[in-house]
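What follows is the structure, encoded as structure tokens:
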């Protein structure tokens, strides 16, 4: 609770209690006691204020491109593949993925923890009643009955509860950043498995087409053998090559099925339902181009190998001079920083235990002692008590100090982990860029190899049929064409996967969740049918429209800590985005009423 609210409540209690006590001296003592507590309430919170995390130096070689343009590039990056099927899969995963759903529930849990922390700063009220039978030496029995309303309020003189609320708030936003991070990972996994599926599918089709060609070679060789032009050795070599290609086909089909099954898990549906999402008229036309019967035509082969007919999604050409500061937008780095903020506030919670705690206690009730006390009346004894209490862990100084040191060491660990994550992010971006450039060069060369091997095969087939070359040269040309086409398909898949890895390493894609409900309506109804949620699930459970960076100074000293739209502005760095009004904390009044 803020200092202003604390002072207001103390002043009201002081004025009321001066009139409730009896006698001038008692009024004076009560007033002076509360005035002393009121003065203590003006103390500032203890513990360190969270400051910006010192990061490792970013590589200068990435600072060549326009940052704004690069940032826009990372939003919904999968749409740059121009693949409607991929777009459908990503949209379905964002709506149905179970890991994303679990992350949304963790946001809700963090909101409840925030509400609990907020409620601790309010007075705690309880009703106490009891009945006790007493038997005396004269064999008479008496009943003692009591009913009272007790209220206690520990004033947050040293900011213990303010720091606790600060920690809970940072943890709440860390859960949101974690949700975004999971979304980034799931989106990348959907894209990667889709690329793998199409890559295996293209390799399967290439293998099936080459099997057709090799079957044709076996037929021609058999005719040549029947005519006495070749020996049986040529026939058996042709069959051996055919069987080898056929034996490799199941492994490719298994890889294709595994990728499909992985997509089913990511989308939260059955594998058979994924097949419907993967099918399209455009894909069917491309598949048909691969299944064209062999007719010894360079044009047919070139058409099938053209990237316009590729089943593997063709990624956009990306600018490799990426601004290194984009790495800091990664949600996992935001999680690490917010966790550091939450841990920093816990130091203040631990440090507050060094100092005395001050509370106000009040009780009003009735007490009856009669031979048969079964009810209360106005003649019963009315009890009224109000006043301050004081406690101090004087003899636990060593334990408290070591607890402070423990929290500080944990805080330093979070800072170390943050810098480690930055180094890992730099490594991931660098690896993805290097691999992308390598595979781009490799793809261009392998495409040339495909075209050359196709041309060589067609020439060798014609020459073999005319008796101009021996069978070994024909087999060699078939083998080289089969290998080069399969390698080219793999390289296209590698390029697409490196582009996906690059966007993932930059933390791209979470922006698509802006304003999205992190808990579905169906899930809300299920939870309401099981538990009384009050009005906690009535408001739209939506995500912020932009990322959140924690308050960097005087966070616990702000008068209000609400997450509502109309909350006053808080102290923050100029480069920290505003807090979203979408993720609200549990209602203050509800939190107060439900406090233990």
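Numbering (full-length UniProt numbering), first residue to last: 1 to 596.
Each residue gets a CB set at the ideal place from its N, CA and C atoms; glycine is no exception.
Keep in mind it's a predicted model, so treat the numbers as computed, not measured.
In the structure shown, residue 315 falls within a coil segment according to DSSP collapsed to helix, strand and coil.
A straight-line Cα-Cα distance of about 14 Å links residue 196 and residue 487.
In the DSSP assignment, residue 123 falls outside any beta strand (DSSP E), carrying neither H nor E.
Collapsing the DSSP output to three states places residue 392 in coil.
A straight-line Cα-Cα distance of about 12 Å links residue 442 and residue 434. Membership of residue 265 in the alpha helix (DSSP H) is indicated by the continuous run 232 to 267.
Residue burial is scored here from C-beta neighbours: residue 179 has at least 16 other C-beta atoms within 10 angstroms and is therefore classed as buried.
The straight-line gap separating the alpha-carbon atoms of residue 467 and residue 230 is approximately 10 Å. The alpha-carbon separation between residue 337 and residue 418 amounts to approximately 6 Å.
With 16 or more other CB atoms across the displayed protein chains lying within 10 angstroms of its CB, residue 485 is buried.
In the DSSP assignment, residue 327 falls outside any alpha helix (DSSP H), carrying neither H nor E. Taking 8 Å as the cut-off, the Cβ atoms of residue 425 and residue 312 do not count as close. For residue 80, no alpha helix (DSSP H) encloses it, and the DSSP letter there is neither H nor E. Secondary-structure assignment with DSSP links residue 154 through a beta bridge to 359. Note that the region 349 to 363 does not touch the region 314 to 323; fewer than 3 beta-carbon pairs, one per stretch, sit closer than 8 Å. For residue 423, the enclosing alpha helix (DSSP H) covers residues 397 to 465.
In the structure shown, residue 542 adopts extended strand secondary structure according to DSSP, grouped into three states. DSSP, read as helix, strand or coil, puts residue 322 in coil.
The way I'd put it, the region 499 to 516 does touch the region 184 to 198; three or more beta-carbon pairs between them come closer than 8 Å. Across the set 279, 287, 394, 257, the C-alpha of 287 shows the shortest separation from the C-alpha of residue 209. Here residue 509 really is in contact with residue 77; their C-beta atoms are around 6 Å apart, less than 8 Å.
Counting every other CB atom within 10 Å of its CB across the protein chains shown gives residue 335 a total of 16 or more, marking it as buried. Here the region 516 to 535 does not lie against the region 237 to 254, with fewer than 3 beta-carbon pairs under 8 Å apart.
Residue range 160 to 226 is occupied by the alpha helix (DSSP H) that includes residue 204. Residue 124 places its beta carbon less than 8 Å from that of residue 151. By the CB criterion at 8 Å, residue 343 and residue 410 fall inside the cutoff.
For residue 534 and residue 119, the gap between their C-alpha atoms comes out near 16 Å.
Ranked by Cα distance from residue 390, the first of 474, 155, 171 is 155. Spanning the alpha carbons of residue 102 and residue 506 requires a straight line of approximately 24 Å. Here the alpha carbons of residue 212 and residue 469 stand approximately 22 Å from one another.
Cβ-Cβ distances below 6 Å link residue 428 to 505 in the same chain, with the five nearest sequence neighbours on each side left out; the list follows chain order. Under the criterion of beta carbons closer than 8 Å, residue 91 and residue 182 do not qualify as touching, at roughly 16 Å. Here residue 224 is buried. Its C-beta has 16 or more other C-beta atoms within 10 Å. Cβ-Cβ distances below 6 Å link residue 254 to nothing in the same chain once the five nearest sequence neighbours on each side are left out. Between the beta-carbon of residue 218 and that of residue 238 there is about 5 Å, and that keeps the pair under the 8 Å contact cut. Here the alpha carbon of residue 513 sits roughly 23 Å from the alpha carbon of residue 113.
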